[in-house]
Amino acid sequence: MRTTRFRILSLVLALGLFVLAGCSAGPTSTTAGTTTAKPAAAIKIGGIGPLTGGAAVYGSSVANGAKIALEEVNALGGLQFELKFEDDEHDAEKSVNAYNSLKDWGMQILCGTVTTTPGIAVSAESFKDRIFTLTPSASSTSVIEGKDNVFQMCFTDPNQGIASAQYIAENKLGSKIAIIYNNADAYSTGIYEKFISEAAGKNLQVVSTTTFTDDTANDFNVQLTAAKNAGADLIFLPIYYQPASLILTQADAMSYEPKFFGVDGMDGILTMENFNTDLAEGVMLLTPFAADATEARTVAFVAKYQAAYNEVPNQFAADGYDCIYAIYEACKKAGITADMDAAAICDKMIAAFTAADFNIDGLTGENMTWAATGEVAKAPKGMVIEDGAYVGMQGGN
Amino acid sequence: MTFLSYLVSGLSLGSIYAIIALGYTMVYGIAKMLNFAHGDVIMIGGYMSFVATAHLGWPPLASVLLAMLVCTVLGVVIEQLAYKPLRAAPSLAVLITAIGVSYFLQNAALLIWSSNPKSFTSVVRLPSLKLFDGQLTISSVALVTILACVAIIIGLTFIISKTKIGKAMRAVSEDKAAAQLMGINVNQTISVTFAIGSALAAIAGVLLCSAYPILMPTTGAMPGIKAFTAAVFGGIGSIPGAFWGGLLLGLIEIFGKAYISTQLSDAIVFSILILVLLVRPTGLMGRKISEKV
C-alpha cells in the first residue's frame with residue numbers, strides 16, 4: 015500500500031507543480047525598449063507596461079503614443095527627454111524587476127505602469143524611492159492612495175464606475191441591468207463596487223450580478239443565462255476585452271441580445287486578430303478619447319500614429335501621449351533640468367502638478383487638473399461601436 | 024428550461040475535458056507516466072486550425088485534419104526525443120521532463136504567434152438549435168462536441184478491445200516485460216498510444232477554441248489541469264473513468280456556478296476531487312492495485 019499512497023501523493027504534488035507552471039507560464043522578460051537616444055542633458059523617463067502577454071495591446075499602445083509625444087517635445091528644442099520602456103507582461107513581480115532595471119539605468123521620472131495590479135506594486139516602490147510617477151492608465155485608487163508622488167492620467171476606477179452608472183441613468187440606456195465582473199482582478203472589482211453603490215442612488219435596477227476569475231474565464235453560459243432569465247436589457251462589463259469577446263460570442267450563440275456597456279478595458283476588442291467585429295456592433299463604452307474626433311490635435315495625432323504603426327490609436331496611446339506632454343509642461347513650470355536627482359525632481363513635480371494654475375489640454379481631455387491625491391479631473395466621453403469603429407455617443411456629457 | 028440549458032453547457036464542457044482526459048489516461052495506463060505537455064499539444068492543435076482557416080483559407084474540416092496530423096507527429100516526436108531516452112529513469116525525472124516540454128511548447132507558440140490573443144472562428148458553422156419555441160437555445164458547437172466525445176469513446180473502446188494493436192496496448196499496460204517476451208514491440212505500442220492521444224488533443228483543441236473562441240499560448244494550460252483532474256477523478260489509467268470523470272467535472276463546474284456560487288466554482292470542483300480521493304484513492308473507476316513493497 016505504501017507505493018499507492020506515494021503515487022497519490024506524487025499526483026497531488028504534480029498537480030501543484032502544474033498549477034504553478036500554469037500561473038507563471040509565459041516568456042522570460044524581454045526588453046522591447048523604445049530608446050530614443052539624445053545627446054547629454056536629457057531627462058530620463060522610464061516607462062513600464064505589458065509589451066507581451068494578454069494585455070500587450072495596452073502597453074504597446076502607451077509606448078507608441080509616448081514615443082510620438084517625446085519626438086514632438088524634443089523637436090521643440092527646449093527641454094530634452096529620453097524614454098526607455100520596459101515590458102512587465104501585466105505581472106506585478108516582473109513589473110518591479112522592470113522598475114529596478116530602469117532605476118539602474120538612471121530613471122528620473124516614471125511614466126507607468128500601464129496596468130493596475132503591477133501599478134500597485136511599483137507605485138509603492140517609487141513612493142519609497144521618491145521618484146515622481148505619472149501612470150497613463152493604472153486606474154485603481156490603490157495605485158495613488160497614500161502616495162503623494164503618484165498621479166494618474168486616466169480616471170480612477172471609482173470614477174469609471176460612478177460615471178458609467180450616471181451615464182446609463184441619464185441616457186436611460188437600460189431599465190434592468192446585469193453585471194458580470196472578474197472578482198480576481200482589482201480593476202474589475204473596484205469599478206463594480208462603485209457602480210453598484212452609485213446605481214442604487216440613481217434608481218438603476220441591478221437584476222443579476224455574477225463573477226468569474228482568470229481561471230474560469232471560459233464558459234459564460236451560466237452568467238449569461240442568469241442575466242437573460244432576470245430579464246436584463248443591459249449588461250455592464252467592467253472587464254478587459256479578452257473575456258468580453260467570449261461573452262459577446264456566447265451571448266450571440268444563445269440568441270441573447272442585450273445592450274453591452276463597457277469601460278476602458280473594453281478598448282482593444284476591435285484590434286483583436288480575426289475577431290468578428292459584427293459581434294461588437296452597438297457595444298457602448300466610456301472612454302476619454304475618440305479617434306474620430308475632429309479637433310486639430312486629435313486629427314494630427316491619429317494621422318501620425320497611423321503612419322508610424324499602421325493602426326488607429328486607442329485611448330491608451332492617447333494616455334501615453336498626454337503623459338509625456340504633462341510631464342514636459344510640469345518640468346518646464348518647475349524649472350527641472352537633467353542634472354537634478356530624482357528626489358529633487360519629485361518634490362518640484364508634485365508642487366507643479368498640484369498647483370492651482372496647472373492644467374493640460376490633451377487628447378484625453380480639455381483642461382485636465384490634478385488633485386493632491388493624484389486623481390485627474392476630466393470629463394469622460396460615451397462611445398459606441400458602429401460598423402467596426404468607435405463613434406461618439408449622442409447626448410453624452 | 025434553465026436547468027436544461029445548464030445541462031447542455033455542462034455536458035459540452037465535460038465532453039471537452041473527457042477528450043483531453045482520455046489522452047492523459049491512455050498514456051498513463053500504458054507508459055505509466057504523466058504527460059503534462061498534453062495541455063499544450065491542445066493549444067498547438069488550436070493554432071494549427073486557426074492558421075489553416077484564418078490565414079490559408081482552408082475549409083474547417085481540412086483544418087481539423089491538419090491539426091490532427093501535426094499534433095500526431097508532434098506527440099510521437101516528443102515521445103521519441105524527450106520521454107523514450109528516460110524509459111528506465113525514475114518516474115520523477117520523466118515528470119519533470121514533461122513539465123519542461125510543456126514550457127517549451129508554450130514559449131515556442133509565444134515566439135511563433137506572439138502573445139496577442141487571437142479570436143478563433145468556430146469550425147462548426149451551423150445555426151444554433153432552438154427548442155420549445157425558442158426558450159432553449161443549444162449552440163451547434165455544444166452538440167458537435169458532445170457527439171464527437173461519444174464517437175471518440177466508442178471508437179477508442181473498439182480499438183482497445185477488438186484490434187491487434189489494442190490487445191498489444193492492454194498487454195503492455197498489464198506487464199511491460201512479459202509483453203516484450205511475448206513478442207510485442209513495446210516501444211512501437213507506446214508510440215502509437217502517444218499518436219492517438221495527441222490526435223485526440225488536436226480534436227479537443229479545435230472544439231475547445233470553437234466553444235470558447237480565444238486563442239493564446241496559455242490556452243491549453245487550465246483545461247489541461249482540469250482534464251488531468253478529471254482523469255484522476257475517474258481513475259487514472261481507466262478509459263471509461265476518464266470519460267465519466269470528464270463529464271462529471273464539467274457538470275459539477277457548471278452546476279456549481281449556476282446554483283451555488285460563480286465565485287467558488289473551482290473551489291467546489293477541487294473539493295469534490297479531494298473527497299473522492301479520500302474515499303476511493305484510485306478514483307471512481309480505478310483498479311485497486313495492491314503492490315508489493
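Chain order of the listed sequences is A and B. Heads up, the final residue of the first sequence is numbered 411 in the numbering used here, and it's a clean run with no missing numbers. Heads up, the final residue of the second sequence is numbered 316 in the numbering used here, and it's a clean run with no missing numbers. For each residue, glycine too, the CB sits at the ideal point set by N, CA and C.
Please check the pair residue i and residue j, which I expect to be a contact at CB under 8 Å, by giving their CB distance rounded to whole angstroms.
i, j, result
"residue 244(A)", "residue 198(A)", "That pair is no contact at about 23 Å."
"residue 157(A)", "residue 134(A)", "6 Å"
"residue 17(B)", "residue 141(B)", "The structure shown has nothing for residue 17(B), since chain B only spans 24 to 316."
"residue 181(A)", "residue 300(A)", "6 Å"
"residue 65(B)", "residue 93(B)", "With 8 Å as the limit, residue 65(B) and residue 93(B) do not qualify as a contact, their Cβ atoms being about 12 Å apart."
"residue 224(B)", "residue 43(B)", "7 Å"
"residue 164(A)", "residue 141(A)", "7 Å"
"residue 216(B)", "residue 54(B)", "7 Å"
"residue 280(A)", "residue 297(A)", "7 Å"
On a CA-only basis, which of the options is nearest residue i? Give me that one, please.
i, options, result
"residue 310(A)", "229(A), 179(A) and 377(A)", "377(A)"
"residue 249(A)", "327(A), 222(A) and 357(A)", "222(A)"
"residue 238(A)", "268(A), 212(A), 187(A) and 215(A)", "268(A)"
"residue 173(B)", "310(B), 41(B) and 281(B)", "41(B)"
"residue 135(B)", "310(B), 80(B), 240(B) and 104(B)", "240(B)"
"residue 257(A)", "225(A), 213(A) and 140(A)", "225(A)"
"residue 81(A)", "69(A), 95(A), 90(A) and 70(A)", "95(A)"
"residue 230(A)", "246(A), 212(A), 205(A) and 194(A)", "194(A)"
"residue 348(A)", "336(A), 365(A), 333(A) and 332(A)", "365(A)"
"residue 383(A)", "152(A), 168(A) and 118(A)", "168(A)"
"residue 172(A)", "184(A), 159(A) and 164(A)", "159(A)"
"residue 83(B)", "104(B), 25(B), 145(B) and 49(B)", "145(B)"
"residue 86(A)", "338(A), 375(A) and 263(A)", "338(A)"
"residue 236(B)", "45(B), 70(B), 27(B) and 214(B)", "70(B)"
"residue 275(A)", "255(A), 289(A) and 288(A)", "255(A)"
"residue 306(B)", "277(B), 152(B), 287(B) and 251(B)", "251(B)"
"residue 56(A)", "93(A), 186(A) and 361(A)", "93(A)"
"residue 103(A)", "132(A), 335(A), 118(A) and 83(A)", "132(A)"
In angstroms with no decimal places, state the Cα-to-Cα distance between residue i and residue j.
i, j, result
"residue 31(B)", "residue 170(B)", "12 Å"
"residue 61(A)", "residue 328(A)", "18 Å"
"residue 291(A)", "residue 403(A)", "9 Å"
"residue 138(A)", "residue 106(A)", "11 Å"
"residue 42(A)", "residue 371(A)", "Per-residue confidence for residue 42(A) stands at a pLDDT of 40, beneath the threshold of 50, marking its modelled position as unreliable; the derived number appears in the next sentence. Taking the straight line joining both Cα atoms gives about 45 Å."
"residue 226(B)", "residue 368(A)", "59 Å"
"residue 110(B)", "residue 117(B)", "8 Å"
"residue 15(A)", "residue 304(B)", "Caution is warranted here: a pLDDT of 43 is assigned to residue 15(A), below 50, making its placement in the model unreliable, and no coordinate value can be reported."
"residue 48(A)", "residue 97(A)", "At residue 48(A) the pLDDT is 48, less than 50, meaning the model places this residue with poor confidence; the figure from the coordinates comes in the next sentence. Taking the straight line joining both Cα atoms gives about 7 Å."
"residue 131(B)", "residue 200(A)", "31 Å"
"residue 392(A)", "residue 261(A)", "30 Å"
"residue 233(A)", "residue 248(B)", "16 Å"
"residue 36(B)", "residue 220(B)", "19 Å"
"residue 71(A)", "residue 139(B)", "7 Å"
"residue 193(B)", "residue 207(B)", "11 Å"
"residue 145(A)", "residue 387(A)", "16 Å"
"residue 52(A)", "residue 398(A)", "Note that residue 52(A) has pLDDT 43, beneath the 50 cutoff, so the model's placement of it is unreliable and the number below is only indicative. Computed Cα separation, rounded: 41 Å."
"residue 279(B)", "residue 285(B)", "7 Å"
"residue 158(B)", "residue 312(A)", "47 Å"
"residue 44(A)", "residue 113(A)", "Since pLDDT at residue 44(A) reaches only 42, below the 50 mark, its modelled position is unreliable, and no value is offered."
"residue 125(A)", "residue 147(A)", "6 Å"
"residue 344(A)", "residue 351(A)", "12 Å"
"residue 261(B)", "residue 105(B)", "24 Å"
"residue 356(A)", "residue 34(B)", "59 Å"
"residue 209(B)", "residue 166(B)", "38 Å"
Is the beta carbon of residue i sitting closer than 7 Å to the one on residue j?
i, j, result
"residue 101(A)", "residue 130(A)", "no"
"residue 264(B)", "residue 308(B)", "yes"
"residue 241(A)", "residue 216(A)", "no"
"residue 330(A)", "residue 75(A)", "yes"
"residue 88(A)", "residue 323(A)", "no"
"residue 90(B)", "residue 229(B)", "yes"
"residue 275(B)", "residue 297(B)", "no"
"residue 5(B)", "residue 254(B)", "There is no way to answer for residue 5(B), as the model of chain B reaches only from 24 to 316."
"residue 333(A)", "residue 64(A)", "no"
"residue 147(B)", "residue 86(B)", "no"
"residue 52(B)", "residue 184(B)", "no"
"residue 188(A)", "residue 247(A)", "yes"
"residue 210(A)", "residue 174(A)", "no"
Looking at the strands, I want to know which residues DSSP matches up with residue i.
i, result
"residue 379(A)", "376(A)"
"residue 403(A)", "400(A)"
"residue 96(A)", "58(A)"
"residue 474(A)", "It is not possible to answer for residue 474(A), since the shown part of chain A is limited to 15 through 411."
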